[in-house]
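Data first, discussion second: the structure below is written as structure tokens.
Number of protein chains: 4
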Amino acid sequence: MARTTDGDSGTTPVPQRLLAAATRLFADRGYDRTSVQDIVEAAGVTKGALYHYFGSKDDLLHEIYGRVLRLQQERLDAFADADAPVEQRLRDAAADVVVTTIANLDDAAIFFRSMHQLSPEKLKQVRAERRRYHERFRALVEEGQAAGVFSTATPADLVVDYHFGSVHHLSTWYRPDGSMTPQQVADHLADLLLRALRP
Amino acid sequence: MARTTDGDSGTTPVPQRLLAAATRLFADRGYDRTSVQDIVEAAGVTKGALYHYFGSKDDLLHEIYGRVLRLQQERLDAFADADAPVEQRLRDAAADVVVTTIANLDDAAIFFRSMHQLSPEKLKQVRAERRRYHERFRALVEEGQAAGVFSTATPADLVVDYHFGSVHHLSTWYRPDGSMTPQQVADHLADLLLRALRP
Amino acid sequence: MARTTDGDSGTTPVPQRLLAAATRLFADRGYDRTSVQDIVEAAGVTKGALYHYFGSKDDLLHEIYGRVLRLQQERLDAFADADAPVEQRLRDAAADVVVTTIANLDDAAIFFRSMHQLSPEKLKQVRAERRRYHERFRALVEEGQAAGVFSTATPADLVVDYHFGSVHHLSTWYRPDGSMTPQQVADHLADLLLRALRP
Amino acid sequence: MARTTDGDSGTTPVPQRLLAAATRLFADRGYDRTSVQDIVEAAGVTKGALYHYFGSKDDLLHEIYGRVLRLQQERLDAFADADAPVEQRLRDAAADVVVTTIANLDDAAIFFRSMHQLSPEKLKQVRAERRRYHERFRALVEEGQAAGVFSTATPADLVVDYHFGSVHHLSTWYRPDGSMTPQQVADHLADLLLRALRP
DNA sequence: AATGAATGAGAGTTCATTCAT
DNA sequence: GATGAATGAACTCTCATTCAT
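One line per chain: the protein sequences are A, B, C and D, in this order. Note that this note's numbering has the first sequence beginning at 1, numbered continuously upward. Note that this note's numbering has the second sequence beginning at 1001, numbered continuously upward. Note that this note's numbering has the third sequence beginning at 2001, numbered continuously upward. Note that this note's numbering has the fourth sequence beginning at 3001, numbered continuously upward.
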């Protein structure tokens, strides 16, 4: 069996090792406070290797964003397109994003805190994908409102931002060693959303 | 007659000018991306002046946090201690924090994004004040739950984090030139909270 | 009496010390082969000091160019505007540029070898000043041709480039410890020019 | 049928492709500003291929020098050894070096600008060949002076440097799209030399 | 109260070259 | 013959902070 050191320098390919190290460090101390030197040391490689695979430090961040965005969009699409009543689909999607976010809390911390360190061009691209995600979620709310199962008291856009605020906030307060499991938190937060939407 | 330039170098005292410049710049480009040189240039003073009034760049950030925390705590205390039914007091407090946050969107952006740039000691202090704020808000929720006017389905702590997530999130999506006034947003968000708490 | 060390760190102002060190090093090993570290070490200061006075390494080069261009233009203007027959004025100007170039052989070596390392914007500016110099010199030749004292067999532009080629070339072959004094070289080269222009 | 891309990756042997790419790039942006990566990309090969054929980046430069030196020496020898009066032989040689230099303007630009980038050992070798060339040319001048057809007012060495200065300078000002053909420039410059040498 | 020259450590990035395949 | 991953040293430039004035 493979020797697994701190930097995992045994088996995992170098690019993955670098991404993993960068993710951990960016989440811990922030993008700007993490030096390229820190990353390569954590990954057990040299700077040259990093720049062989990534064009810049910024590229690493962009890769992390891509990974998160792809995952969340796929999961949302799956839940939203399921064959179930809209209340169920919204509840499932709302709970799932919580579970997935907690499972990747480092990614989430980076996501909301470090967006602005991306180069303008990459930021634009990330925002576009983000908007697509938001719109798919909003469509679910609107569908329920049109069907009369959700209150129309609040604009759907605001409802989505309300819920995502709480997801965004998770990395601020959630601790794996706390008293609630990810699933419990997810159920509670989805419940709050659905209760708020009762007509 | 006071000369009033871009940096407001005419009338406003130097410390305030520096804080205002720092707030704007920290919100715009982040704490680490803002150099001390940027701040003093924007404030129309020299580095020596900054270090005369503030011990370090970190001190500026701490001052901004102090200002926000004091303001929010005062307002929360006033609403929570008012003479009104608990539903009303919670609704008012929940709406007020939204209005106040939008009125100081730069402060809010800094608050959630730059906390980790504080020195460990100052961070501890800020977190303690933050906790006090959270607890006062939670006490309101618990009071309503005990009185039977709020559902007990969700732990009060989680309810508070749910709402503050949405406040936190405001700096991400709210634009002053958008279609909703701060008061409208505040009313909607407070309404969502209260609706979610219906028994 | 002032202590005069290798880096002249006693009396001369820092910017001058840096320019002198940069000039020597750029001439010796070329702009690209000279590191900022080399320059500050030779000048006996730190990198921070260099960047306090000069915006970039490129700026140092530009300063050197400015110094050369100003000097040569002033001298050419003085000789060209003198009160003497055109043959005399051209001979004097042609000889003087040789003497001055030999007196500043480092500047000359840098001038012709490192122009292309300037930023595009600064290069444009240098070329414009260079052109002005060329034109003043050409005007002298044309004046003599019009007066009939110089042959018109060769276009004036080409005559100027012919002479400046030889000036340019000085830094390639002239050695202060050689057998000719700067003045002797200057007289010979001016003589060659004037003889070539005989009608 | 051979695929002929930008890098001419179809037919031309790899070493030639590399030399051609290096010549163009060195002339364009200078030796130090051209990376090995740039060269192999322009030649459509990989780094390994370059290091298979050339021992170092420096070797490429040396090859370019060798090519230029060989060509010029051969041509000078041919003209100098021709059966014609010395005035004619000098005129022909002086004009030919101009035409040949213009025909290989990239080589010329590299020659005079990048000599100092050669390793000390190779530089010594190049200088020796250069000296041989200079001496053959000088011998022509001396022959004419001894025969009384050239003025002895100027030392022959200086006459040679005078002319080569103008050749050196060509890459600074000559533009193929200008108003003079290479032959016209060559005739004018040779004429200036011969006129200067009139007794 | 305020200046601004100077520091020194460290930032992100580039690059010629090597070597196992 | 040729690859391309990886190295390690060097590069230009930035920055918070200090201190003599």
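A virtual CB, placed ideally from N, CA and C, is assigned to each residue, including glycine. Only a predicted model underlies this, so the values are computations on that prediction, with no experimental measurement involved.
Around the beta carbon of residue 2161 of chain C, 16 or more other beta carbons lie within 10 angstroms, which makes this residue buried.
Rounded to whole angstroms, the gap between the alpha carbons of residue 2050 of chain C and residue 3184 of chain D is 49 Å.
Among the residues of chain D, those whose CB is under 7 Å from the CB of residue 2154 of chain C are 3188, 3191, 3192, following chain order.
For residue 1130 of chain B, the uninterrupted alpha helix (DSSP H) segment begins and ends at 1120-1146. Closest in C-alpha terms to residue 1131 of chain B, from the list B/1089, B/1072, B/1197, comes B/1072. Taking C-beta atoms as the reference points, residue 3099 of chain D and residue 3182 of chain D count as a pair closer than 8 Å. Residue contact check for residue 3158 of chain D against chain C: a CB pair falls below 8 Å. Look at residue 1081 of chain B here: in three-state DSSP terms it is coil, with no helix or strand label.
CA-to-CA, the gap between residue 3084 of chain D and residue 2154 of chain C works out to about 25 Å.
Around the C-beta of residue 46 of chain A, fewer than 16 other C-beta atoms lie within 10 Å, and the residue is accordingly described as exposed. Looking only at B/1150, B/1064, B/1028, the smallest Cα-Cα distance to residue 1090 of chain B is reached by B/1150.
One thing to note: residue 189 of chain A has its Cβ no nearer than 8 Å to the Cβ of residue 171 of chain A. Contact check for residue 1087 of chain B against residue 1192 of chain B fails: the beta carbons are separated by 8 Å or more. Distance from the Cα of residue 1033 of chain B is smallest, within the candidate group A/140, A/136, A/138, A/114, for A/114. With 16 or more other CB atoms across the displayed protein chains lying within 10 angstroms of its CB, residue 3101 of chain D is buried. For residue 92 of chain A, the closest C-alpha among the options A/76, A/11, A/103 is that of A/76. For the C-beta of residue 168 of chain A, the chain B residues within less than 7 Å are, from N- to C-terminus, 1165, 1168, 1169. C-alpha of residue 179 of chain A to C-alpha of residue 1040 of chain B: approximately 47 Å in a straight line.
Beyond the five residues adjoining it in sequence on each side, residue 1108 of chain B comes within less than 7 Å, by CB distance, of 1101, 1170, 1171 in the same chain, given in chain order.
Excluding its 5 nearest sequence neighbours in each direction, residue 3080 of chain D has C-beta neighbours in its own chain below 8 Å: 3089, 3093, 3136, 3137, 3139, 3140, listed in chain order. Unbroken alpha helix (DSSP H) stretches of 4 residues or longer found wholly inside the stretch 3048-3112 of chain D: 3057-3080, 3086-3103, given in chain order. Chain D has a Cβ within less than 8 Å of the Cβ of residue 2030 of chain C. If you look at residue 161 of chain A, you'll find it in the alpha helix (DSSP H) that goes 156-173.
Residue 2060 of chain C is positioned such that its CB atom lies no closer than 8 Å to that of residue 2042 of chain C.
About 18 Å separates the beta carbon of residue 3106 of chain D from that of residue 3186 of chain D, a gap too long to meet the 8 Å contact definition.
The alpha carbon of residue 2148 of chain C has as its nearest neighbour, out of C/2057, C/2013, C/2066, C/2199, the alpha carbon of C/2199.
About 6 Å separates the beta carbon of residue 118 of chain A from that of residue 58 of chain A, a gap short enough to meet the 8 Å contact definition. If you compare the alpha carbons of A/17, A/62, A/66, A/30 with that of residue 44 of chain A, the shortest gap goes to A/17.
According to the DSSP assignment, residue 1040 of chain B belongs to the alpha helix (DSSP H) that extends over 1036-1043. The DSSP-derived three-state label of residue 180 of chain A is coil. Assigned with DSSP and collapsed to three states, residue 2023 of chain C falls in helix. If you draw a 10 Å sphere on the C-beta of residue 3052 of chain D, you find fewer than 16 other C-beta atoms in it, and that means exposed. The DSSP-derived three-state label of residue 2013 of chain C is coil. Nearest C-alpha to residue 15 of chain A among A/54, A/175, A/144, A/120: A/54. Contact of residue 33 of chain A with chain B is assigned, a C-beta pair being separated by under 8 Å.
Contacts with chain D at 8 Å (Cβ-Cβ) do not include residue 2062 of chain C.
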